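J.:
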Amino acid sequence: MSVSISKANTGGGWLNGFMGVVLFSGSLPATRVAVLSFSPVFLTAARASIAGILATTALLAFREKRPAREHIFPLLTVALGVVIGFPLLTAMALQYITSAHSIVFLGLLPLATAVFGIIRGGERPKPVFWAFSVTGSLLVTGYAVAQGLSASPAGDVLMVAAIILCGLGYAEGAKLTKILGGWQVISWALVLALPVMLPVTLIVMPASFKGVPAGAWVSLAYVSLFSMFIGFIFWYRGLAQGGTATVGQLQLLQPFFGLALAASLLHEKVSVGMLAVTVGVILCVAGTKKFAR
Numbered sequence: 517m518s519v520s521i522s523k524a525n526t527g528g529g530w531l532n533g534f535m536g537v538v539l540f541s542g543s544l545p546a547t548r549v550a551v552l553s554f555s556p557v558f559l560t561a562a563r564a565s566i567a568g569i570l571a572t573t574a575l576l577a578f579r580e581k582r583p584a585r586e587h588i589f590p591l592l593t594v595a596l597g598v599v600i601g602f603p604l605l606t607a608m609a610l611q612y613i614t615s616a617h618s619i620v621f622l623g624l625l626p627l628a629t630a631v632f633g634i635i636r637g638g639e640r641p642k643p644v645f646w647a648f649s650v651t652g653s654l655l656v657t658g659y660a661v662a663q664g665l666s667a668s669p670a671g672d673v674l675m676v677a678a679i680i681l682c683g684l685g686y687a688e689g690a691k692l693t694k695i696l697g698g699w700q701v702i703s704w705a706l707v708l709a710l711p712v713m714l715p716v717t718l719i720v721m722p723a724s725f726k727g728v729p730a731g732a733w734v735s736l737a738y739v740s741l742f743s744m745f746i747g748f749i750f751w752y753r754g755l756a757q758g759g760t761a762t763v764g765q766l767q768l769l770q771p772f773f774g775l776a777l778a779a780s781l782l783h784e785k786v787s788v789g790m791l792a793v794t795v796g797v798i799l800c801v802a803g804t805k806k807f808a809r
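So the sequence shown is numbered by this note's numbering: it starts at 517 and just counts up by one.
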């Protein structure tokens with residue numbers, strides 16, 4: 517019985533993780549559109565404040581108990597990684613690099629998540645898992661180099677820093693999800709960040725929003741609702757059910773979902789090479805799933 521339940525949890529973990537990845541895939545294209553009209557600091561603070569108000573409402577509506585004292589620091593770590601760090605650093609990076617160039621950096625996120633999952637969660641994947649994981653990440657980064665995408669040292673450094681903080685936030689959140697629940701983790705992290713992010717939003721708010729196009733507002737709404745809140749409900753639940761290092765490899769698919777959206781929204785070309793690498797990455801994800809434990 518315990519074996520079947522474990523398999524059911526793993527299957528549910530991959531399904532929830534996949535839903536989270538799909539929702540997250542629009543984050544960087546939407547951020548790219550929004551940052552053309554809003555400053556990175558305002559965009560980051562505004563999306564966190566909107567999601568924080570939504571999270572506060574949900575916690576009150578469901579009468580959730582406050583987290584224990586020992587959970588405050590881990591929740592602050594989640595807030596640092598996924599509420600503040602990743603959104604701010606990627607928004608800053610997108611001032612220097614293209615949307616496509618920023619998206620391919622996401623291929624490094626599964627490794628970051630897996631490493632922090634091992635450090636913080638005590639997971640011990642098989643060596644073959646690491647072989648597939650590294651291969652998948654190399655495929656993504658190799659694709660970026662092969663395409664000759666324009667690069668900026670400042671933008672690249674900001675993206676690497678964003679990936680590190682995001683991996684930490686993902687792993688810490690997954691660990692807490694087993695105790696507090698998926699949507700509760702991101703909700704409490706948003707609530708803890710709200711006393712800082714809301715005043716920052718008001719301080720850096722533009723004097724006038726005249727001339728801000730509809731696309732910028734839609735993008736702000738997307739990153740606030742789906743990237744900052746709803747996506748994490750699925751993502752943290754998936755990581756908790758299937759394992760941080762294991763389900764985290766689904767992030768290898770995120771760059772290609774994102775590039776597809778960038779092609780339709782920002783009119784960027786989707787090459788045959790991208791499709792070929794996508795197939796390779798999918799095989800790597802399948803490999804990590806088979807040899808994870």
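Quick reminder that beta carbons are idealized off the backbone N, C-alpha and C, glycines included. Small disclaimer: the values here were computed from a predicted structure and weren't measured.
For T629 and G764, which I take to be in contact (beta-carbon distance under 8 angstroms), what is that distance rounded to the nearest angstrom?
T.: For the purposes of this step, residue 629 is taken as the residue at position 113 of the sequence shown. For the purposes of this step, residue 764 is taken as the residue at position 248 of the sequence shown. Correct: roughly 4 angstroms between the Cβ atoms.
J.: DSSP on S565, reduced to helix/strand/coil?
T.: To locate residue 565, count along the sequence shown from 1; it is residue 49. DSSP places S565 in the helix class (H, G or I) of the three-state scheme.
J.: With a threshold of 8 angstroms, are at least 3 pairs of Cβ atoms found where one atom belongs to the stretch 618-625 and the other to the stretch 766-776?
T.: For the pair of segments examined, the stretch 618-625 was found to touch the stretch 766-776: the number of CB pairs separated by less than 8 angstroms reaches three.
J.: Go to K694, then tell me how far its alpha helix (DSSP H) extends in each direction, as first and last residue.
T.: For the purposes of this step, residue 694 is taken as the residue at position 178 of the sequence shown. K694 -> alpha helix (DSSP H) spans 669-696.
J.: Residues in its own chain within less than 6 angstroms of T717 by CB, not counting five upstream and five downstream?
T.: Numbered from 1 along the sequence shown, position 201 holds the residue referred to as residue 717. Answer for T717: A561, A562, S565, listed in chain order.
J.: Classify E586 as helix, strand or coil using the three-state DSSP reduction.
T.: The count along the sequence shown starts at 1 and reaches residue 586 at position 70. Of the three classes helix, strand and coil, the one that applies to E586 here is helix, per DSSP.
J.: F621: which of P771, S649, L604 sits nearest, CA to CA?
T.: By 1-based counting over the sequence shown, the position of residue 621 is 105. Nearest C-alpha to F621: P771.
J.: Give a yes or no on contact between the stretch 691-699 and the stretch 606-615, applying the rule of three or more CB pairs nearer than 8 angstroms.
T.: The stretch 691-699 makes no contact with the stretch 606-615, as fewer than three CB pairs between them are under 8 angstroms.
J.: Indicate whether T760 and G633 have their beta-carbon atoms separated by less than 9 angstroms.
T.: Here residue 760 is taken as the residue at index 244 of the sequence shown, counted from 1. Here residue 633 is taken as the residue at index 117 of the sequence shown, counted from 1. Yes, the Cβ-Cβ distance between T760 and G633 is below 9 angstroms.
J.: Can you round the beta-carbon distance between P545 and S615 to whole angstroms, since I take them to be within the 8 angstroms contact cut?
T.: Numbered from its first residue, the sequence shown carries residue 545 at position 29. Numbered from its first residue, the sequence shown carries residue 615 at position 99. Right, the Cβ-Cβ distance comes to about 6 angstroms (below 8 angstroms), so this counts as a contact.
J.: Do the stretch 523-538 and the stretch 746-762 make contact, defined as three or more Cβ pairs closer than 8 angstroms?
T.: yes
J.: Please report how far the alpha carbon of I619 lies from the alpha carbon of G774, in whole angstroms.
T.: Looking up residue 619 in the sequence shown gives position 103. Looking up residue 774 in the sequence shown gives position 258. I619 and G774: Cα-Cα distance of roughly 7 angstroms.
J.: Can you give me the start and stop residues for the alpha helix (DSSP H) that T614 sits inside?
T.: Numbered from 1 along the sequence shown, position 98 holds the residue referred to as residue 614. Unbroken run through T614: none, as it is neither H nor E.
J.: Are there 16 or more other CB atoms within 10 angstroms of the CB of L576, so buried, or fewer, so exposed?
T.: One-based indexing of the sequence shown puts residue 576 at position 60. By the neighbour-count rule (16 or more Cβ atoms within 10 Å), L576 is not buried but exposed.
J.: What's the gap between the Cα of V676 and the Cα of R548?
T.: Here residue 676 corresponds to residue number 160 of the sequence shown, with the count starting at 1. Here residue 548 corresponds to residue number 32 of the sequence shown, with the count starting at 1. If you take the alpha carbons of V676 and R548, they lie about 17 angstroms apart.
J.: Quick test of the definition: if touching needs 3 or more C-beta pairs under 8 angstroms, does the stretch 581-593 touch the stretch 644-651?
T.: no
J.: Please list the terminal residues of the continuous alpha helix (DSSP H) segment that includes P771.
T.: Along the sequence shown, one-based indexing puts residue 771 at 255. From DSSP, the alpha helix (DSSP H) with P771 extends over 770-781.
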